[in-house]
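Peer 1: Position 114 (the sequence shown) corresponds to 481 in our numbering; numbering is contiguous. Positions of the beta carbon are idealized from the N, C-alpha and C atoms, including for glycine.
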Amino acid sequence: MLHDERILKNKFTYFFTIIFVLCWMIFFAYNMFNIFLRGYGLREEYNAYKIPISILYFLILPLLTITFVSIFKESRKMFHYLNISLFLMIIFHAIIFYVKYQRTTNPATYLFLYLFSNILFVVGPVVLINYFKYHPAKNEIENIGKHED
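1) How big is the Cα-Cα spacing for Ile-523 and Glu-441?
2) Out of Gly-491, Phe-387, Arg-470, which one is the CA nearest neighbour of Ile-438?
3) Report all residues from its chain with a CB closer than 7 Å to the CB of Val-466; omit the five preceding and five following residues, and keep chain order.
4) Taking the Cβ atom as the reference point for each residue, do Phe-400 and Ile-427 lie within a distance shorter than 7 Å?
5) Measure the CB-CB distance between Leu-430 and Ile-451 and report whether it falls below 7 Å.
6) Out of Tyr-501, Ile-496, Lys-500, Ile-457, point me to the one whose CA is closest to Ser-484's CA.
7) Please go through the same chain and pick out, in chain order, the residues whose beta-carbon is closer than 7 Å to the beta-carbon of Met-445, but skip the five residues on each side of it.
8) So Phe-459 packs on Leu-423, CB below 8 Å; how close in whole Å?
9) Rounded to a whole number of angstroms, what is the C-alpha to C-alpha distance between Tyr-468 and Tyr-481?
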């Protein structure tokens, strides 16, 4: 799997990236299935934001799918798609936060939990994946025989 055209530095990063993207794909696919195919719809509190949420669902899931395929194709476009989907997920979570924040009784705790969970489950893993991006040496001739995994 790891060869000269690899996109990530080590095998753990591949595994972590695959699990991260797959879990978010399952989350968005499950919600899309419930909302759009089963007809559950959104809660009444989200009706004002129905169109933006629908658009974000239809943008994030295909981007995550393309990211997932790009991991196995070892395409450098994977980082581009992953970062765009991160940006859209932050917007999606901000809309959900805004609606729930208006109804909460303890806004400071809810804000802290929102920021902590987004950093832990969304932003942190993507920053970690971007950090482990593989940068090949500029002069390949000097590094003959020094290839390490």
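Peer 2: Quick answer:
1) Only positions 368 to 516 of the chain appear in this structure, which leaves residue 523 out of reach.
2) The alpha carbon of Ile-438 has as its nearest neighbour, out of Gly-491, Phe-387, Arg-470, the alpha carbon of Phe-387.
3) Answer for Val-466: Glu-412, Tyr-413, Tyr-416, listed in chain order.
4) The answer is no: Cβ separation not under 7 Å.
5) The Cβ atoms of Leu-430 and Ile-451 sit closer than 7 Å to each other.
6) When only C-alpha atoms are compared, the closest one is Ile-457.
7) Excluding sequence neighbours, Met-445 sits near Ile-374, Thr-434, Ser-437, Ile-438.
8) Between Phe-459 and Leu-423 the beta-carbon gap is near 5 Å, inside 8 Å, which marks them as a contact.
9) Going from the Cα of Tyr-468 to the Cα of Tyr-481 covers about 10 Å.
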